Amino acid sequence: MLDRVLQEIRGRRHFVVTSHARPDGDGIGSALACGQILRQMGKEANVVMHDGVPRIYQSLPFADRVIQSETVPPNDAVIVLECDSIRRTLLHGLENCFLINIDHHATGRTFAQVNWIDSSVMATAELVYRMARLAGVPLDHDIATCLYTALMTDTGSFMFEGTNEHTFAIARELVLAGADPADCARHIYFGHSTAKLRLLGAALANLHREGSLAWIWVTQEQMERFGAREEDCEGLVNYALSIGDVQVAVFFRELPDARWRVSLRSKGKVNVAAVAEHFGGGGHKCASGCSLDGPMGVAVSRIIEQLHVQEAAENMA
């Protein structure tokens with residue numbers, strides 16, 4: 104399928120690269136690297152994101168070239184990274200474009216004209232890396248930095264289940280190409296805002312436990328009171344997961360429309376992707392997400408109940 108992807112790229116000139124709304128490190132890093140790889144191939148490429156670049160990723164190479172928009176500009180093709188549908192991008196106009204879908208999620212869907220989905224890898228960055236290699240594009244410092252940041256963040260700093268010798272082999276290649284592991288980590292893990300720490304305090308004050316499950320939440324009122332952005336919610340769920348005897352952690356974030364966005368994390372014994380998919384979401388076995396209606400008590404009950412169902416099913420398997 105990679106051959107088909109490159110065939111379609113070589114036959115076109117004007118590209119848009121995008122990823123899901125509220126982009127994470129893999130979405131941003133892979134898109135920035137992919138855009139530059141296309142330019143190195145002699146193409147014109149714009150990276151377009153509905154929500155722009157989160158603060159902690161704004162130091163990445165090419166981040167200042169990202170176009171924040173609600174509509175997709177004119178193009179010959181759009182490369183959509185780690186999305187299960189065009190709806191996830193929140194960009195208008197994609198339904199009329201030639202789409203190349205590159206994804207690594209087990210819940211990935213074939214919504215494009217060309218679909219390259221490989222759930223055996225830990226990050227979409229690995230697929231973009233392979234694309235550069237097969238296209239003969241040399242990995243320089245800037246591309247390597249974007250891809251290393253994407254790989255580092257989507258593996259949970261190389262802690263998530265599935266991380267293996269292949270993951271580290273690619274990380275090694277990216278470091279040899281110029282990525283600085285310490286510098287990449289410094290921007291991500293030591294670049295938080297004051298609002299995020301206040302939000303973390305509020306979330307941990309709401310910590311609840313039920314056996315090996317733990318969950319926390321923040322309300323829209325708290326988001327507004329602390330002046331927090333959507334990106335300030337990223338990673339909060341991991342603090343609940345860090346409890347020694349907790350196997351699954353859940354973070355609930357109230358949205359302005361009174362719905363709740365849910366982030367699920369697992370240490371490996373429970374497949375949280377199956378739970379997220381039950382509610383129309385998806386992701387990885389150990390890191391997934393979805394959204395559902397409130398009120399909060401109902402949202403929490405539905406998620407916890409489905410987690411118990413999934414846990415029981417896996418214990419019987």
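Residue numbers (the numbering used here): 104 to 420. Don't be surprised by glycine CBs; every beta carbon is placed ideally from N, CA and C. Just so it is clear, the structure is predicted and the values come from calculations on it, not from any experiment.
When only Cα atoms are considered, Glu-264 and Met-144 end up about 34 Å apart. With three or more CB-CB distances shorter than 8 Å, the segment 150-168 counts as touching the segment 288-296.
Sorting Arg-312, Val-365, Cys-249, Tyr-342 by C-alpha distance to the C-alpha of Glu-333 places Val-365 at the top. DSSP places Gly-130 in the helix class (H, G or I) of the three-state scheme. Residue pairing for Asp-206: DSSP places it in a beta bridge opposite Ile-220.
Assignment of Arg-362 by DSSP, reduced to helix, strand and coil, places it in the coil class.
Taking Leu-194 as the centre and dropping the five residues before and after it, the same chain places the C-beta of Thr-121, Val-151, His-153, Ser-172, Glu-173, Thr-174, Val-175 closer than 8 Å to its C-beta, in chain order.
C-alpha of Ile-273 to C-alpha of Cys-137: approximately 16 Å in a straight line. Annotation note: the segment 111-172 contains the following uninterrupted beta strand (DSSP E) runs of length 3 or greater, listed N- to C-terminal: 117-122, 147-152.
Relative to Arg-362, the option among Thr-270, Tyr-292, Val-321 whose CA is nearest is Val-321.
Looking at the DSSP output, Val-183 bridges to Thr-121, Asn-204.
Judged by DSSP secondary structure, Phe-329 falls within the alpha helix (DSSP H) whose first and last residues are 323-329. The straight-line gap separating the alpha-carbon atoms of Val-119 and Arg-113 is approximately 14 Å.
Ile-220 is positioned such that its CB atom lies closer than 8 Å to that of Asp-206. Rounded to whole angstroms, the Cβ separation of Cys-200 and Thr-192 is 11 Å, and the two are not in contact under 8 Å.
The residue from Val-401, Asn-374, Val-353, Ala-390 with its alpha-carbon nearest to that of Ala-226 is Ala-390. Looking only at Pro-241, Ser-222, Pro-126, the smallest Cα-Cα distance to Gln-139 is reached by Pro-241. Membership of Ser-404 in the alpha helix (DSSP H) is indicated by the continuous run 399-419. Burial state of Gln-325 is buried, judged by a 10 Å Cβ sphere holding 16 or more other Cβ atoms. Counting along the chain, Val-340 sits inside the alpha helix (DSSP H) bounded by residues 340-344.
Taking Ala-288 as reference, the option from Asn-309, Ser-369, Thr-258 with the minimal CA-CA separation is Thr-258. Of the residues Asp-335, Leu-202, Asp-348, the one whose Cα lies closest to the Cα of Gly-314 is Asp-348.
Secondary structure of Leu-367 (DSSP, three-state): strand. Out of Phe-214, Thr-213, Ala-343, Val-169, the CA that lies nearest to the CA of Leu-307 is found in Ala-343. Bridge partners of Val-351 according to DSSP: Leu-316, Ser-369. The alpha carbon of Pro-359 has as its nearest neighbour, out of Arg-275, Lys-370, Asp-396, the alpha carbon of Asp-396. Ala-247 is the residue among Ala-124, Ala-247, Met-262 whose C-alpha sits nearest the C-alpha of Asp-286. With contacts defined as CB atoms closer than 8 Å, Leu-250 and Leu-230 fail to qualify as a contacting pair. In the three-state DSSP reduction, Gly-392 falls in the strand class (E or B).
In the three-state DSSP reduction, His-387 falls in the coil class, being neither helix nor strand. DSSP lists no beta-bridge partner residue for Arg-190. DSSP places Thr-266 in the coil class of the three-state scheme, outside both helix and strand. Under the three-state reduction of DSSP output, Glu-337 falls in the coil class, being neither helix nor strand. Note: His-311 is bridge-paired with Trp-318 in the DSSP secondary-structure output.
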